[in-house]
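Numbering (this note's numbering), first residue to last: 686 to 1058.
Here is the structure we will look at, set down as structure tokens.
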Amino acid sequence: MKNRLVVGALIVLAVCAAVVAGTASKASASPSAAKLTKITLQLKWVPQAQFAGYYAASLKGFYKAQGLDVTLKNGGPDIIPEQVVASGQAQFGVDWLPSLLAARDKGTQLVNVGQVFARSGMTQLTWKSSGIDSIAKMKDKKVANWLGGNQYELFAALTKAGMNPEQNQGVTIVQQPFDMGLLLKSQVDSASAMTYNELAQVLETTNAKTGKLYTLGDLNVIKMQDAGTGMLEDGLFSTAAWLKSAANQATAVKFIAASLQGWIYCRDHQAECVQMTLKEGPTLPKGHQTWMMNEINKLVWPSSSGIGIMNTADYGRTASIAKQFRVIKAAPSAGAYRTDLAKKAVALLKKKGLDVNGSSWKPSVVKVTAAGK
686 MKNRLVVGAL IVLAVCAAVV AGTASKASAS PSAAKLTKIT LQLKWVPQAQ
736 FAGYYAASLK GFYKAQGLDV TLKNGGPDII PEQVVASGQA QFGVDWLPSL
786 LAARDKGTQL VNVGQVFARS GMTQLTWKSS GIDSIAKMKD KKVANWLGGN
836 QYELFAALTK AGMNPEQNQG VTIVQQPFDM GLLLKSQVDS ASAMTYNELA
886 QVLETTNAKT GKLYTLGDLN VIKMQDAGTG MLEDGLFSTA AWLKSAANQA
936 TAVKFIAASL QGWIYCRDHQ AECVQMTLKE GPTLPKGHQT WMMNEINKLV
986 WPSSSGIGIM NTADYGRTAS IAKQFRVIKA APSAGAYRTD LAKKAVALLK
1036 KKGLDVNGSS WKPSVVKVTA AGK
């Protein structure tokens, strides 16, 4: 009987020890999970390859490797990233630089911390048969743009060529819907198009006269970058208040590094990043996203100073055009952007042996598909 009591006591002690060990194991695992810093990134638009680098950073574990738990918030027509970040609903946002400068001009202290796109994707399209192969030849023509803040690169180019688009002097400005119908129906002489989106929409359309898809040979693609009026587009930004903290600055470096690593991954794995984009939300079909991924990479690579590091001359041109067309009332203050965080992020990526310049990257030849499917 005594032996049975001893054995029973030992069993109870063993069970208790196991319970304690299990609890201790869970306790030790819990702090590890808690160490992940929660961050929210507000994107500019609905899911598409324009944001593939951020999808890759999330799905490939780059954010988690930096100790971050990042939530990607999709954008849309009623979402203004600057407002979301300024209100504290997200720590970071993605938008065009002129929009950030406009928000600062109204007193919102936002700061660009990483300029991902190194060049503008804005173009004007004309039919090859029109003979309008330059901005200067748009004189006395009907020229379409979406307006609402999207017109400044075009207006600067037209002004540079001696026209006054704001007063419809020397050129007739037509408001363009978010499709290419006006150009396709020849109701305007020229229409605006992003290289990664609307240009593809035209090429994915069947020419009724030939029964075949339109080709680049049917078009003149006049790039605002080549016209000297390209403005900087997608960049990462935060608030000056959030960045005051040394701890937040350290978090920002990790976030920027992981995001840029995502873009490096999408440079080298375009097809996989298209699939990631489709997984995020199939708002546009695979063929269109494949074109977009390739064209987006053209805007990012090569990056002479290192991806994410602002080019001073490009910033100055963007600010100058924004001031010229009253996007901003006064020249932006020096705090509109900072490069120290991006430089630290790039240094981290270099230590990993990653190519931050993409000097040898070559774009793919993408086969256009009907309706982008």
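We put the beta carbon where it would ideally sit given N, CA and C, even for glycine.
Secondary structure of S1045, DSSP reduced to three states = In the sequence shown, counting from the first residue as 1, residue 1045 sits at position 360. Here S1045 sits in coil by DSSP.
Buried versus exposed, by CB contacts within 10 Å (16 or more), K729 | Position 44 of the sequence shown holds residue 729. The residue is buried, with at least 16 neighbouring Cβ atoms inside 10 Å.
Opposite W986 in the DSSP bridges: which residues?
-> Residue mapping note: residue 986 aligns to position 301 of the sequence shown, counting from 1. Looking at the DSSP assignment, W986 forms no beta bridge with any residue, so it has no partner.
To which residues of the same chain is L969 closer than 6 angstroms at the C-beta, ignoring the five residues directly before and after it?
-> Residue 969 sits at position 284 when you count from the first residue of the sequence shown. The residues are Q733.
If you follow the beta strand (DSSP E) that N830 is part of, which residue opens it and which one closes it?
-> Here residue 830 refers to the residue found at position 145 of the sequence shown. First-last of the beta strand (DSSP E) with N830: K827 to N830.
With which residues is A876 paired in a DSSP beta bridge?
-> The residue you call residue 876 lines up with position 191 of the sequence shown. Its beta-bridge partners are L810 and A829.
Are the beta-carbon atoms belonging to V796 and L726 less than 9 angstroms from one another?
-> As a working mapping, residue 796 is identified with position 111 in the sequence shown. As a working mapping, residue 726 is identified with position 41 in the sequence shown. No; because the gap between Cβ atoms is not below 9 angstroms, this pair is not in contact.
For S717, the three-state DSSP class (helix, strand or coil) = Against the sequence shown, residue 717 aligns to sequence position 32. The pLDDT assigned to S717 is 49, lower than 50, so where the model puts this residue is not dependable; a value taken from the coordinates is nonetheless given after this. It is helical.
Answer yes or no: do L921 and V798 have a C-beta to C-beta separation smaller than 9 angstroms?
-> Here the question's residue 921 lines up with position 236 in the sequence shown. Here the question's residue 798 lines up with position 113 in the sequence shown. For L921 and V798, yes; Cβs fall inside 9 angstroms.
If you check the beta carbons only, do M848 and L810 fall under 9 angstroms apart?
-> Your numbering for residue 848 matches position 163 in the sequence shown. Your numbering for residue 810 matches position 125 in the sequence shown. Cβ atoms of M848 and L810: not closer than 9 angstroms.
Give a yes or no on contact between the stretch 1022-1034 and the stretch 939-955, applying the rule of three or more CB pairs nearer than 8 angstroms.
-> yes
Counting pairs of beta carbons, one from the stretch 870-884 and one from the stretch 840-847, are three or more of them closer than 8 angstroms?
-> No, they do not touch.
Coarse secondary structure for S772, derived from DSSP in three states | In the sequence shown, counting from the first residue as 1, residue 772 sits at position 87. DSSP places S772 in the coil class of the three-state scheme, outside both helix and strand.
Can you give me the Cβ contacts of R1023 inside the same chain, cut-off strictly under 7 angstroms, excluding the 5 residues immediately before and after it?
-> Here residue 1023 is taken as the residue at index 338 of the sequence shown, counted from 1. The answer, listed in chain order, is V796 and V798.
To the nearest angstrom, report how far apart G1020 and P762 are at their CA atoms.
-> Here residue 1020 refers to the residue found at position 335 when the sequence shown is read from its first residue. Here residue 762 refers to the residue found at position 77 when the sequence shown is read from its first residue. About 28 angstroms.
Evaluate contact between the stretch 781-791 and the stretch 810-830, counting only Cβ atoms and requiring at least three cross-stretch pairs below 8 angstroms.
-> no
Spatially closest choice to L1068 from M978, E957 and G746, by CA coordinates = Not covered by the structure: residue 1068. The range shown for the chain is 686 to 1058.
K711 in three-state terms, based on DSSP | Looking up residue 711 in the sequence shown gives position 26. Confidence in K711 is poor, its pLDDT being 39 and thus under 50, which makes the residue's placement too unreliable to answer from.
Y1022 - DSSP class collapsed to helix/strand/coil | In the sequence shown, counting from the first residue as 1, residue 1022 sits at position 337. Correct three-state label for Y1022: strand.
Identify whether K758 lies in helix, strand or coil by the three-state DSSP scheme.
-> Reading the sequence shown from its first residue, position 73 is the one you call residue 758. K758: strand per DSSP, three-state reduction.
Short check: CB of D1040 to CB of R804, under 9 angstroms?
-> Here residue 1040 refers to the residue found at position 355 of the sequence shown. Here residue 804 refers to the residue found at position 119 of the sequence shown. Not closer than 9 angstroms, so no.
In the DSSP assignment, find the alpha helix (DSSP H) that holds G738 and state where it starts and stops.
-> The sequence position of residue 738 within the sequence shown is 53, counting from 1. Start and end: A737 to L744.
Less than 8 angstroms between the CB atoms is what I'm expecting for C951 and A750, so what's the real figure, rounded?
-> Indexing the sequence shown from 1 puts residue 951 at position 266. Indexing the sequence shown from 1 puts residue 750 at position 65. The Cβ separation is near 17 angstroms, so there is no contact.
For T962, three-class secondary structure by DSSP | Here residue 962 corresponds to residue number 277 of the sequence shown, with the count starting at 1. Three-state result, T962: helix.
Could you check the C-alpha separation between P967 and Q854 for me, to the nearest Å?
-> Counting from 1 along the sequence shown, the entry for residue 967 is found at position 282. Counting from 1 along the sequence shown, the entry for residue 854 is found at position 169. When rounded, the distance between both Cα atoms is 42 angstroms.
Considering S784, what are the terminal residues of the alpha helix (DSSP H) in which it resides?
-> Within the sequence shown, the letter at position 99 stands for residue 784. Element bounds for S784: L782 to D790.
If you follow the alpha helix (DSSP H) that Q1064 is part of, which residue opens it and which one closes it?
-> Shown here, the chain extends from 686 to 1058; a query on residue 1064 therefore has no answer.
Measure the C-alpha to C-alpha separation of A821 and I858 and round it to an integer number of angstroms.
-> The sequence position of residue 821 within the sequence shown is 136, counting from 1. The sequence position of residue 858 within the sequence shown is 173, counting from 1. A821 and I858: Cα-Cα distance of roughly 15 angstroms.
Sequence-distant residues of its chain with Cβ nearer than 6 angstroms to G806 (five each side left out) = The residue given as residue 806 occupies position 121 in the sequence shown. Around G806: M879, T880, Y881 and L984.
Residue environment, V959, which counts as buried when at least 16 other CB atoms sit within 10 Å = Mapped onto the sequence shown, residue 959 falls at position 274. Burial call: buried.
List the residues that DSSP assigns as beta-bridge partners of D919.
-> As a position in the sequence shown, residue 919 is number 234, starting the count at 1. Beta-bridge pairing links D919 to W781.
Whether T793 touches A775 by CB criterion (9 angstroms) | Looking up residue 793 in the sequence shown gives position 108. Looking up residue 775 in the sequence shown gives position 90. No, the Cβ-Cβ distance between T793 and A775 is not below 9 angstroms.
Compute the Euclidean distance between the alpha carbons of W927 and A935, then round it to the nearest angstrom.
-> As a working mapping, residue 927 is identified with position 242 in the sequence shown. As a working mapping, residue 935 is identified with position 250 in the sequence shown. Going by the C-alpha atoms only, they are around 12 angstroms apart.
As assigned by DSSP and simplified to three states, the class of G799 | Within the sequence shown, numbered from 1, the residue matching residue 799 stands at position 114. It is a strand residue.
Using only alpha-carbon positions, find the residue among D825, P783 and S819 that is nearest to G833.
-> Position 148 of the sequence shown holds residue 833. Residue P783 is the option with its Cα nearest to G833.
Pair every Cβ in the stretch 1032-1051 with every Cβ in the stretch 1005-1012, then say whether three or more of these pairs are closer than 8 angstroms.
-> no
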